[in-house]
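Input: a single structure, listed below in structure tokens.
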Amino acid sequence: MSQQLQNNILEAFLDSFNQPMWIIDITGKLLMMNEAAKQYASQGFNILSRFNPKNCNHLKFTSFSGKKYLIESKDINHGTNCFVVSLEEQENSLKALKESTSRLKKVLSSV
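Just so we're aligned: 5 in my numbering is position 3 of the sequence shown, and the numbers increase by one with no gaps anywhere.
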């Protein structure tokens with residue numbers, strides 16, 4: 003299998019996800035990103051300024067354009083020294099906590 007075909011398959015795989023995703027090596031070099039990540043990049047989002055593979059926290063919160071996001075990274079393994087990094091928009095944490103507490107109170111009151 004040619005290197006170009008392997009790259010095409012990997013890019014197609016990343017594009018099958020709706021959330022922005024990047025592949026970054028251990029040195030901090032951006033190797034690949036999906037279409038959703040390219041859209042964020044075109045709006046000024048720089049994943050390399052928010053993710054440091056040498057000081058890798060697998061979960062990190064960040065803000066961009068007035069919204070809160072969770073950056074999650076996973077080591078790809080297999081000797082690649084690379085991470086797949088994803089970005090997920092977070093709901094208003096306080097609102098979500100209040101709704102969850104309210105649902106829990108309803109359940110506990112019926113027991």
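No residue lacks a Cβ here, since even glycine has one placed at the ideal position from N, Cα and C. The structure displayed is predicted, hence computed values, not measured ones.
Note that the C-beta distance between Leu61 and Glu90 is not below 8 Å.
The beta carbons of Gly30 and Asn57 sit about 10 Å from each other, so the pair does not count as a contact at 8 Å.
For Ser44, DSSP assigns no beta-bridge partner whatsoever. Per the DSSP secondary-structure output, Ile28 pairs with nothing in a beta bridge. Leu16 sits buried, since 16 or more C-beta atoms from the chains shown fall within 10 Å of its C-beta. Between Ser88 and Met34, the CB-CB gap reaches or exceeds 8 Å.
Collapsing the DSSP output to three states places Ser65 in a strand. Annotated three-state conformation of Val109 is helix, per DSSP. DSSP places Phe85 in the strand class (E or B) of the three-state scheme. In this structure, the beta-carbon distance from Phe63 to Phe47 does not fall below 8 Å.
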